[in-house]
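In this text, residue positions in the sequence shown follow full-length UniProt numbering: the first is 1, and each later residue adds one.
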Amino acid sequence: MKNLYHSPDYTREVSLVSYFSFLITALYLLTIALAQYLTQKVVKDLFVYTVSLFSLCSLTCSISFLNYSDSLRT
Numbered sequence: 001m002k003n004l005y006h007s008p009d010y011t012r013e014v015s016l017v018s019y020f021s022f023l024i025t026a027l028y029l030l031t032i033a034l035a036q037y038l039t040q041k042v043v044k045d046l047f048v049y050t051v052s053l054f055s056l057c058s059l060t061c062s063i064s065f066l067n068y069s070d071s072l073r074t
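Now the structure itself:
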């Protein structure tokens with residue numbers, strides 16, 4: 001039976017899914033932050049959304065790096 005974890009197609013699909021989920025989440029957070037900034041409601045929430053976006057970006061980069069380093073080992 002073929003090991004799906006080390007298959008290049010599987011790794012590529014996981015990377016695409018993580019990139020698209022990150023993109024959708026980032027666009028959602030940026031839209032909320034921009035709406036709050038334009039209406040000048042709560043600036044503290046803008047900071048929270050920016051930190052959340054940075055955390056998501058760091059998480060996605062680390063997942064991508066782990067996938068890439070796994071593909072180099074095989």
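Virtual Cβ for every residue (Gly too), placed ideally from N, Cα, C.
Inclusion of Leu56 and Thr31 in the CB contact set at 8 Å is not warranted, their separation being larger than that value. Take the alpha-carbon of Tyr19 and the one of Thr60: they are about 7 Å apart. By the CB criterion at 8 Å, Ala33 and Thr50 fall inside the cutoff. Taken atom to atom, the span from the alpha-carbon of Val48 to that of Ser21 is near 20 Å.
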